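Asker: Residue 293 in the numbering used here is what sits at position 182 of the sequence shown, and the numbering runs on without skipping anything. Even glycine gets a Cβ: it sits at the ideal position worked out from N, Cα and C. If you're wondering where the values come from, they're calculated on a predicted model, not measured in any experiment. So that we are looking at the same thing, I have put the structure below in structure tokens.
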Amino acid sequence: MILALIDHDRGSLNTVSLEMLTLGRQLANDTDSTLAAILIGDTALPLIEQLATYGVATAYHVEHENLDDYAPQAWAQSVLQLIETAAPEAVLAPGTDRGYEVLAHVAALLDLPLAANCTAVIPGDDYQVMRLRWGGSLLEEAVLKGSPKLLAIAPHAIAAEEGGDVKEPVVTVFIPTLTKKEFRVRVTGREPSDSQGISLTDARVVVGGGRGVGSREGFDVLDELAALLDGAVGGSRVATNLGWRPHADQIGQTGIRIAPDLYIACGISGAIQHWVGCKGAKQFLAINTDAEAPMVTKADYAVIGDLHELIPALITEIQKLKE
Ligand SMILES: Cc1cc2nc3c(=O)[nH]c(=O)nc-3n(C[C@H](O)[C@H](O)[C@H](O)COP(=O)(O)OP(=O)(O)OC[C@H]3O[C@@H](n4cnc5c(N)ncnc54)[C@H](O)[C@@H]3O)c2cc1C
Numbered sequence: 112m113i114l115a116l117i118d119h120d121r122g123s124l125n126t127v128s129l130e131m132l133t134l135g136r137q138l139a140n141d142t143d144s145t146l147a148a149i150l151i152g153d154t155a156l157p158l159i160e161q162l163a164t165y166g167v168a169t170a171y172h173v174e175h176e177n178l179d180d181y182a183p184q185a186w187a188q189s190v191l192q193l194i195e196t197a198a199p200e201a202v203l204a205p206g207t208d209r210g211y212e213v214l215a216h217v218a219a220l221l222d223l224p225l226a227a228n229c230t231a232v233i234p235g236d237d238y239q240v241m242r243l244r245w246g247g248s249l250l251e252e253a254v255l256k257g258s259p260k261l262l263a264i265a266p267h268a269i270a271a272e273e274g275g276d277v278k279e280p281v282v283t284v285f286i287p288t289l290t291k292k293e294f295r296v297r298v299t300g301r302e303p304s305d306s307q308g309i310s311l312t313d314a315r316v317v318v319g320g321g322r323g324v325g326s327r328e329g330f331d332v333l334d335e336l337a338a339l340l341d342g343a344v345g346g347s348r349v350a351t352n353l354g355w356r357p358h359a360d361q362i363g364q365t366g367i368r369i370a371p372d373l374y375i376a377c378g379i380s381g382a383i384q385h386w387v388g389c390k391g392a393k394q395f396l397a398i399n400t401d402a403e404a405p406m407v408t409k410a411d412y413a414v415i416g417d418l419h420e421l422i423p424a425l426i427t428e429i430q431k432l433k434e
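Written out as structure tokens, the structure is:
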């Protein structure tokens, strides 16, 4: 059996889980086994229907009165106890903050190696895995030992595809034994983010701003452009470090990773640490004064010029088209 942890936030599915299930289904086929999903907490139950279309044969519903919100050690302890019961061949987690954190705890508790950022897996006594390294600029072939095999799947590296036997998964309730200790770290409250509207990770269009934007106020036109395109605004580390954008909006190696249909990079040079956060975009439009900037040379489209002149002109044209 291939056991796959589903990442969700109080019932809201993190769709990187579907990419992981796509690889998990392939792995189940290759090892002549079945794909099972782990759904932690009652809020995850409605997700079962969606998982059926990804070839999940069994859904383990982990039930516990305190599992109403994320608690990394409690999630990891639940997975650990499920491993002891179900004896899977491999355990997968999606390449998300929660997926990485939980599987890292599981690996530490079992004293087993964990392969993170995997993009392909060839099973065997030892698994051969392909992994993204150095923020995605390097592909590594590695050998993964241990039992069960623990793998976290790189986000946005595999397209989520439905498939397999589409029928209702068998739901098995699993009640872990959890103590107070496992809930020492848990979500106790939430604060609304400064950003409003669509999130950077979900947006189909992202407008990014860097040092070239020049100031906090300089972002106003980027906000306007994004609003017209139903998109979201992000920034380079320079823009967030200078306080022009909130830190949560930073795109890159030490920020968030985006995969929109279109990324409009304004006044961003395209340093590798920024590129690894945005390279999942399907199309790139660079607006930059420097025709030699890496972002410009890598982009599908580029406009060479001052963004303070170009973006207002772009906004005017889009408004005309919309009218
Ligand atoms: C460990 C580490 C982690 C890092 N993590 C991240 C990260 O997560 N995300 C990130 O972004 N960076 C990160 N960085 C920083 C990264 O190396 C770059 O310094 C940063 O991305 C550069 O930001 P920038 O493109 O806004 O600025 P610059 O590199 O200064 O580029 C500004 C660009 O704006 C153009 N420009 C200037 N004026 C205009 C104008 N009026 N109109 C149009 N274009 C104009 C310039 O031609 C230039 O190309 C990290 C660095 C390190 C060492």
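1. May I ask whether a heavy atom of ligand 1 can be found less than 6 Å away from the beta carbon of LEU353?
2. Could you give the distance in angstroms between the alpha-carbon of PRO371 and the alpha-carbon of ALA397?
3. Is the CB-CB distance between VAL284 and THR169 below 7 Å?
4. Tell me the DSSP secondary structure of LYS431 in three-state form.
5. Of the choices ARG322, LEU289 and ALA227, whose alpha-carbon is the least far from that of ASP212?
6. Quick check: the stretch 314 to 331 against the stretch 354 to 361, are at least 3 beta-carbon pairs closer than 8 Å?
7. Report the partner residues of THR169 according to the DSSP bridge assignment.
8. Does the beta-carbon distance from LEU158 to LEU124 come in below 7 Å?
9. What residue range does the beta strand (DSSP E) around LEU191 cover?
10. Go ahead and label VAL298 buried or exposed: buried means 16 or more other beta carbons lie within 10 angstroms of its beta carbon, across all protein chains shown.
11. Using 8 Å for Cβ pairs, my map puts PRO266 next to THR207. What's the rounded Cβ distance?
12. MET241 lies in the beta strand (DSSP E); which residues open and close that run?
13. Taking 7 Å as the threshold (C-beta atoms), are ILE233 and SER189 in contact?
14. In its own chain, which residues sit with a C-beta less than 7 Å from the C-beta of GLN394, not counting the 5 before and 5 after it?
15. Whose CB is closer than 5 Å to a heavy atom of ligand 1? List the residues in chain order.
16. Between which two residues does the alpha helix (DSSP H) holding GLY388 run?
17. Does the Cβ of VAL344 have 16 or more other Cβ atoms within 10 Å, making it buried, or fewer, making it exposed?
18. Assuming ALA163 and GLY135 make a contact with CB atoms under 8 Å, what is their CB distance in whole Å?
19. When every heavy atom of ligand 3 is checked, does at least one fall within less than 6 Å of the C-beta of HIS385?
20. Would a C-beta distance cut-off of 7 Å place ILE367 and LEU425 closer than the cut-off?
21. Using the Cα positions of GLU200 and LEU336, report the straight-line distance between them to the nearest angstrom.
22. When the distance is taken between beta carbons, is SER128 closer than 7 Å to ILE117?
23. Apply the 10 Å Cβ neighbour rule to GLU130 and answer buried if 16 or more other Cβ atoms are within range, or exposed otherwise.
Answerer: By the coordinates alone:
1. The residue labelled residue 353 in the question sits at position 242 within the sequence shown. No, ligand 1 has no heavy atom inside 6 Å of this Cβ.
2. By 1-based counting over the sequence shown, the position of residue 371 is 260. By 1-based counting over the sequence shown, the position of residue 397 is 286. Whole-angstrom Cα-Cα distance: 14 Å.
3. Position 173 of the sequence shown, counted from the first residue, corresponds to residue 284. Position 58 of the sequence shown, counted from the first residue, corresponds to residue 169. Going by C-beta atoms, VAL284 is not nearer than 7 Å to THR169.
4. Position 320 of the sequence shown, counted from the start, is the residue given in the question as residue 431. Here DSSP, grouped into helix, strand and coil, assigns LYS431 to helix.
5. Within the sequence shown, numbered from 1, the residue matching residue 212 stands at position 101. The sequence given here has Glu at residue 212, not Asp. For GLU212, the nearest C-alpha among the options comes from ALA227.
6. yes
7. Counted from its first residue, the sequence shown places residue 169 at position 58. According to DSSP, THR169 bridges with ALA147 and VAL281.
8. Locating residue 158 in the sequence shown gives position 47, counting from the first residue. Locating residue 124 in the sequence shown gives position 13, counting from the first residue. Contact flag set, yes.
9. Numbered from its first residue, the sequence shown carries residue 191 at position 80. Looking at the DSSP string, LEU191 is not in any beta strand (DSSP E); the run it does join, the alpha helix (DSSP H), is 183 to 197.
10. Walking along the sequence shown from the start, residue 298 turns up at place 187. Exposed, by the Cβ-count rule.
11. Taking the first residue of the sequence shown as position 1, residue 266 is located at position 155. Taking the first residue of the sequence shown as position 1, residue 207 is located at position 96. Confirmed, Cβ separation roughly 7 Å.
12. Within the sequence shown, residue 241 is the residue found at index 130, counting from 1. Unbroken beta strand (DSSP E) run through MET241: 238 to 244.
13. In the sequence shown, residue 189 corresponds to position 78, counting from 1. In the sequence shown, residue 233 corresponds to position 122, counting from 1. Not a contact, by the Cβ cut-off of 7 Å.
14. If you number the sequence shown from 1, residue 394 lands on position 283. Excluding positions up to five away in sequence, the list reads ASP372, LEU373 and ASP411.
15. GLY321, ARG322, GLY323, SER347, ARG348, VAL349, GLY363, GLN364, THR365, GLY366, GLY378, ILE379, SER380, ALA382, GLN384, HIS385, ASN399, THR400, ASP401, ALA404, ASP417 and LEU418
16. Here the question's residue 388 lines up with position 277 in the sequence shown. 383 to 389 is the extent of the alpha helix (DSSP H) around GLY388.
17. Position 233 of the sequence shown, counting from 1, holds the residue named residue 344. Buried, because 16 or more other Cβ atoms sit within 10 Å of the Cβ of VAL344.
18. Residue 163 sits at position 52 when you count from the first residue of the sequence shown. Residue 135 sits at position 24 when you count from the first residue of the sequence shown. Cβ-Cβ separation between ALA163 and GLY135: approximately 14 Å, too far for a contact (criterion under 8 Å).
19. Among the ligands present in this structure, namely ligand 1, ligand 3 is not found.
20. Mapped onto the sequence shown, residue 367 falls at position 256. Mapped onto the sequence shown, residue 425 falls at position 314. Against a cut-off of 7 Å, the Cβ pair of LEU425 and ILE367 comes out as no contact.
21. Numbered from its first residue, the sequence shown carries residue 200 at position 89. Numbered from its first residue, the sequence shown carries residue 336 at position 225. Taking the straight line from one Cα to the other gives about 49 Å.
22. For this step, residue 117 is matched to residue 6 along the sequence shown. For this step, residue 128 is matched to residue 17 along the sequence shown. Going by beta carbons, ILE117 and SER128 fall inside the 7 Å limit.
23. The residue given as residue 130 occupies position 19 in the sequence shown. The C-beta of GLU130 has 16 or more other C-beta atoms within 10 Å across all chains shown, which makes the residue buried.
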